[in-house]
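Residue numbers (our numbering), protein chains in the order written: chain W, 67 to 359; chain H, 88 to 395; chain P, 94 to 460.
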């Protein structure tokens with residue numbers, strides 16, 4: 067009796083597992099579909115796209131659209147492809163990430179290991195800054211960048227991204243250093259190390275994981291930003307995302323879907339690359355930004 | 088009892104800390120000060136500036152004469168703004184609801200000791216690494232009424248299949264929901280999965296010994312224990328929904344017509360293309376108020392708990 | 094002359110006064126143990142001595158110098174932390190040498206100093222390892238090495254044994270004791286473990302809620318606790334606290350316990366404090382109550398009484414027997430091989446020479 071029941075339940079457990087796997091595989095395919103379509107379309111010719119099936123593999127894969135998107139496609143009035151904008155983004159991302167990470171590390175260090183009355187308020191204010199809708203600072207920032215001659219420049223965008231990334235980088239390092247034992251700092255103080263030496267010799271060497279998390283988070287966010295790019299830059303000074311949108315939404319001439327998709331792949335490549343290489347840290351950064359502690 | 092004898096004290100008493108020591112004491116504050124000043128000026132100062140502008144009649148350029156709530160009256164008399172609010176409500180509810188439902192569903196499936204978890208998890212999460220502009224571009228193509236999904240279905244033999252939401256005024260907002268859910272649900276899944284993994288296994292063992300079937304264990308024990316994750320997911324998604332701008336621009340450009348207008352696109356177009364800076368500011372203030380109402384209580388409770 | 098002096102030290106954290114006027118002195122080469130339950134302020138006091146916490150008022154004097162405003166690194170102290178606080182990114186060698194490096198000691202002198210300390214502590218084979226590769230006991234030793242290499246004026250230990258398992262704790266405790274004897278270092282040591290306090294200290298300070306309860310040698314603290322708190326806190330199992338009453342007759346006072354079964358003669362010197370009819374609490378250590386065979390033959394007054402046995406707890410070396418008489422329970426320490434079982438009557442021998450009398454209202458000892 068009980069044995070029979072067991073075999074029945076084992077059988078139903080097996081069916082349940084098949085259902086679970088089937089669900090997961092179908093869902094995974096759905097999630098992959100847009101990327102698949104994006105890549106296959108970019109490898110097809112325009113004729114094939116117009117005639118054929120979106121889901122079909124390219125009959126005659128060609129990188130012509132990629133070459134065109136990179137170096138020849140017309141964005142606005144210039145026809146130099148997206149390569150210039152790609153480098154714009156790189157030039158913007160690298161300094162913005164380095165500066166905001168460094169400041170965040172120092173802020174987190176002060177806010178955990180050198181607490182002063184009011185440190186909670188300071189941190190609370192920096193934390194809230196992570197969440198404001200940027201629309202609420204757009205107009206003043208446009209005015210100020212204009213006044214200082216930084217409008218439509220990479221330097222201006224670097225500055226903007228540092229300012230509005232500080233909250234997050236501080237949050238990351240603060241939460242990480244919060245768990246770093248205070249006794250180590252006390253020991254180093256007794257040993258005679260000062261503020262910067264404790265940071266440099268004791269905390270920083272142990273901060274590898276959080277540095278990676280912060281850099282990845284900041285890199286992804288800044289690379290993917292569109293609002294600041296479109297608000298504070300135009301024409302050839304635009305970052306990649308803005309150029310992509312201009313390319314795709316331009317209504318002049320023949321719509322070259324394969325070139326659009328190739329450009330989108332270019333725009334997605336750096337962050338996808340980081341995700342593939344260091345996905346673990348990427349997820350940790352997202353989580354840290356979402357669930358504190 | 089021990090008696091305390093006076094001891095000759097060599098150094099002068101209470102000379103106070105030396106200059107170097109005092110500098111050492113203020114150094115941390117000096118290090119923090121620039122960042123804090125930047126936040127004060129460029130976040131809080133700019134917010135006040137925007138609030139101020141919303142009380143003026145600024146159009147293409149800022150003017151600084153206060154005219155009271157004029158811009159707010161104008162804002163709330165704009166059909167466009169009502170459209171934006173209505174769309175935000177539709178988008179917000181569906182986006183948050185679907186992301187949480189799908190995210191929780193996948194997380195529970197993934198929690199059944201799945202063999203290929205290491206392969207599947209990155210697949211559900213990768214959209215989060217993409218820019219909204221890329222997501223919008225991809226989905227715009229995927230849902231293209233002439234050449235996308237619709238044509239594929241026709242090719243597969245389903246001749247009557249019609250999917251024109253992208254250009255259908257009534258349905259366009261739902262394409263934004265679809266793309267948004269595709270992008271963020273994997274992230275919500277990861278949050279729930281982390282929550283599930285954080286649950287004490289002994290509680291579940293105890294429930295199994297008590298004879299609870301798997302479904303009951305999830306419904307009665309595990310999902311209630313995930314309450315904090317629900318809250319975090321809600322906060323993150325609500326915040327993303329209100330800020331959401333790039334996705335709409337790339338996917339529909341706010342159209343057709345104003346069918347997919349959201350507060351974020353409204354703010355941008357009124358401020359920078361329609362030369363209604365005061366109205367744009369007022370809409371930005373409304374957005375800020377919405378986010379503040381969600382975020383501040385959350386942050387307050389999180390920070391309080393942590394320091395207990 | 095005292096080497097370390099703490100004078101009327103007060104520390105407020107927020108509105109709470111954590112240290113309420115602490116006065117302590119320690120001679121050079123002394124081993125001072127601060128002991129008390131958690132929250133008594135002992136760690137706060139140690140951190141204040143180290144300079145890791147600013148004082149609210151009072152003075153800390155080391156070797157004749159007021160160090161109140163000196164930075165921790167300039168107080169010439171070294172500290173061993175509860176978690177050991179070894180720098181995770183440095184090898185053992187670098188950990189030990191770090192303080193010397195910060196003080197600008199040159200490389201060869203550093204290496205020399207590390208070598209000699211490593212030899213003393215027998216950790217030479219660990220020098221190239223990182224803290225994560227060490228066992229708890231090894232980490233503890235490295236933490237001590239880091240303190241020793243500095244040759245500071247005062248060593249501070251913050252519950253250094255609490256993260257070790259019971260067996261290792263006893264070993265390291267003996268090592269610390271030996272180290273103190275060999276180097277004659279001045280040590281301030283915080284613990285909540287009264288056995289550590291008893292075994293290590295030359296002077297014990299018992300703290301409770303930020304006030305000093307008693308200062309004295311381990312023997313003084315153990316045999317003549319100043320009040321009920323100290324009596325109860327020090328010693329395991331705890332001291333028996335028996336209710337008694339003063340009875341005067343024929344011009345002499347006695348304290349009677351257990352109805353009339355036990356009487357203690359009161360020396361004339363304290364009889365003034367003990368008027369007829371006063372309720373008192375008589376403290377007797379478990380070892381002062383035993384079986385007749387173990388009773389101290391030197392004792393002047395021993396009371397032999399039969400009492401009901403309610404519990405027997407053999408520990409191997411001794412057996413603790415809980416007795417009950419006139420509604421009062423007490424614990425006796427008897428020989429391990431004594432034959433007794435719960436429910437039986439057992440002849441207990443009370444060594445009344447060891448009795449300590451407390452005032453139940455103030456909790457203070459009456460001498």
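Virtual Cβ for every residue (Gly too), placed ideally from N, Cα, C.
Exercise. Jot down the residue ranges of each uninterrupted alpha helix (DSSP H) in the stretch 181–205 of chain P, minimum 4 residues, whole runs only, in chain order.
Key: 185–195
Quiz prompt | Classification of residue 404 (chain P) by the beta-carbon crowding that lies within 10 angstroms, buried from 16 upward | solution = exposed
Quiz item: Thinking just about the alpha-carbon of each residue, which of H:143, H:158, H:159 is nearest to the one in residue 152 (chain H)?
Solution: H:143
Quiz item: Within the 9 Å Cβ cut-off, does residue 136 (chain W) reach chain H?
Solution: With 9 Å as the cut-off, residue 136 (chain W) does not count as an interface residue toward chain H.
Quiz item: In three-state DSSP terms, what is residue 291 (chain P)?
Solution: Residue 291 (chain P): helix per DSSP, three-state reduction.
Exercise. Using beta-carbon positions only, say whether residue 134 (chain W) and residue 259 (chain W) come within less than 9 Å of one another.
Key: no
Exercise. Could you pull out every residue in the same chain whose Cβ sits closer than 8 Å to the Cβ of residue 253 (chain H), ignoring the five residues on either side in sequence?
Key: Take residue 253 (chain H), set aside five residues on each side of it, and the residues of its chain with a beta-carbon closer than 8 Å to its own are 227, 230, 231, 232, 259, 262, 338, 339, in chain order.
Quiz item: Closer than 9 Å, CB to CB, is residue 163 (chain P) near chain H or not?
Solution: yes
Exercise. Label residue 282 (chain W) either buried or exposed according to how many other C-beta atoms from any shown protein chain fall within 10 Å of its C-beta, with 16 as the threshold for buried.
Key: buried
Quiz item: Under the rule that 16 or more other beta-carbon atoms within 10 Å means buried, what is residue 215 (chain P), buried or exposed?
Solution: exposed
Quiz item: Checking contacts by CB at 9 Å: is residue 277 (chain W) closer than that to chain P?
Solution: no
Self-check item: Helix, strand or coil at residue 161 (chain W) according to DSSP, with G and I counted as helix
Solution: In this structure, DSSP gives residue 161 (chain W) a helical state, which the three-state scheme calls helix.
Self-check item: Contact list for residue 391 (chain H) against chain P, beta-carbon separation under 9 Å
Solution: Residues of chain P passing the Cβ test: none, with the nearest at roughly 16 Å.
Quiz item: Are three or more beta carbon pairs between the stretch 289–300 of chain W and the stretch 194–214 of chain H nearer than 8 Å?
Solution: no
Exercise. Mind listing the chain P neighbours of residue 105 (chain W)? Cutoff is C-beta to C-beta under 9 Å, in chain order.
Key: Simply none; closest approach about 43 Å.
Practice problem: From the DSSP output, read off the bridge partner residues of residue 251 (chain P). | Solution: P:283
Quiz item: Roughly how far, in whole angstroms, is the beta-carbon of residue 137 (chain P) from the beta-carbon of residue 146 (chain P), given that I think they are within contact range, below 8 Å?
Solution: 7 Å
Quiz item: Buried or exposed: where does residue 266 (chain W) fall if 16 or more other Cβ atoms within 10 Å of its Cβ makes it buried?
Solution: exposed
Self-check item: Cutoff 7 Å; reference residue 347 (chain P); Cβ partners in own chain excluding five residues on either side
Solution: Counting only Cβ-Cβ distances below 7 Å, and skipping sequence neighbours, we find 340, 356, 357, 358, 359.
Practice problem: Would you kindly work out how many angstroms separate the C-alpha atoms of residue 361 (chain H) and residue 148 (chain H), rounded to a whole number? | Solution: 11 Å
Quiz item: alpha helix (DSSP H) containing residue 440 (chain P): first to last residue?
Solution: In the DSSP assignment, residue 440 (chain P) falls outside any alpha helix (DSSP H) and lies within the beta strand (DSSP E) extending over 438–444.
Quiz item: Quick one: what's got a C-beta closer than 6 Å to residue 374 (chain P)'s C-beta in the same chain, skipping five residues either side?
Solution: 334, 451, 453
Quiz item: Helix, strand or coil: how does DSSP classify residue 371 (chain P) here?
Solution: coil
Quiz prompt | Three-pair Cβ contact test at 8 Å for the stretch 363–383 of chain H versus the stretch 98–105 of chain P | solution = no
Quiz item: So, is the C-beta of residue 298 (chain H) closer than 9 Å to a C-beta in chain W?
Solution: no
Quiz item: Looking at chain W, which residues of the stretch 352–384 of chain H have a Cβ within less than 9 Å of any of its Cβ atoms?
Solution: 354, 355, 358, 359, 364, 367, 368, 370, 371, 372, 374, 375, 377, 378, 379, 381, 382, 383
Exercise. For residue 106 (chain H), decide whether its Cβ has a neighbour in chain P, counting only Cβ atoms nearer than 9 Å.
Key: It does not; no Cβ of chain P falls within 9 Å.
Practice problem: Go ahead and label residue 310 (chain W) buried or exposed: buried means 16 or more other beta carbons lie within 10 angstroms of its beta carbon, across all protein chains shown. | Solution: buried
Quiz item: In whole angstroms, what separates the C-alpha of residue 422 (chain P) from that of residue 237 (chain W)?
Solution: The straight-line gap from Cα to Cα measures roughly 58 Å.
Quiz item: Taking the C-alpha atoms as reference points, what is the distance between residue 131 (chain H) and residue 300 (chain W)?
Solution: 27 Å
Quiz item: Taking Cβ positions only, does residue 257 (chain W) come closer than 9 Å to chain H?
Solution: Cβ-Cβ to chain H under 9 Å: no for residue 257 (chain W).
Self-check item: Under 8 Å from the C-beta of residue 268 (chain H): neighbouring residues of chain W
Solution: None at all; the shortest Cβ gap to chain W is about 11 Å.
Quiz prompt | In chain order, each alpha helix (DSSP H) run of at least 4 residues that lies wholly inside the stretch 273–323 of chain W | solution = For the stretch 273–323 of chain W, whole alpha helix (DSSP H) runs of length 4 or above, ordered along the chain, are 274–290, 293–298, 306–315.
Quiz item: Counting along the chain, where does the alpha helix (DSSP H) carrying residue 326 (chain H) start and finish?
Solution: 314–330
Practice problem: For residue 103 (chain P), write down the residues that DSSP places opposite it in a beta bridge. | Solution: P:113, P:150
Quiz item: For the candidate residues P:381, P:270, P:265, whose alpha-carbon lies nearest to that of residue 443 (chain P)?
Solution: P:381
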